[in-house]
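What the sequence shown shows, in my numbering, is residues 2 to 52, in sequence order. A quick write-up on the structure given underneath.
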Amino acid sequence: MEQKSIEKKELYRCPECGFEYREKEWAEKCEAWCREHKSCNLEIIQHAVQK
Ligand SMILES: [Zn+2]
2 MEQKSIEKKE LYRCPECGFE YREKEWAEKC EAWCREHKSC NLEIIQHAVQ K
């Protein structure tokens with residue numbers, strides 16, 4: 002049996018770096034970080050959705 006647990010949930014995208022997150026919280030953190038530091042924070046992007 003094939004189990005498909007892909008949630009058709011909307012993803013939250015950081016407009017600065019383009020990473021997508023399931024949680025709005027992370028997307029907001031990422032965006033704030035990207036704007037301020039002009040770089041990505043590994044602690045944050047590890048929560049991004051892998052494509
Ligand atoms: Zn970002």
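Cβ atoms here follow ideal geometry from the backbone N, Cα and C, with glycine treated the same way.
Three-state secondary structure assigned by DSSP to residue i
i	result
residue 37	helix
residue 24	coil
Cβ-Cβ separation, residue j to residue i (assumed contact under 8 angstroms), whole Å
i	j	result
residue 32	residue 16	6 angstroms
residue 46	residue 30	At roughly 10 angstroms, the Cβ-Cβ gap does not stay under 8 angstroms, so residue 46 and residue 30 are not in contact.
Of the listed residues the options, nearest to residue i (C-alpha basis)
i	options	result
residue 40	19, 52, 24 and 50	19
Residue i and residue j closer than 8 angstroms at C-beta
i	j	result
residue 11	residue 49	no
Any non-hydrogen atom of ligand 1 closer than 7 angstroms to residue i Cβ
i	result
residue 24	no
residue 29	no
residue 37	no
residue 32	yes
residue 11	no
residue 17	yes
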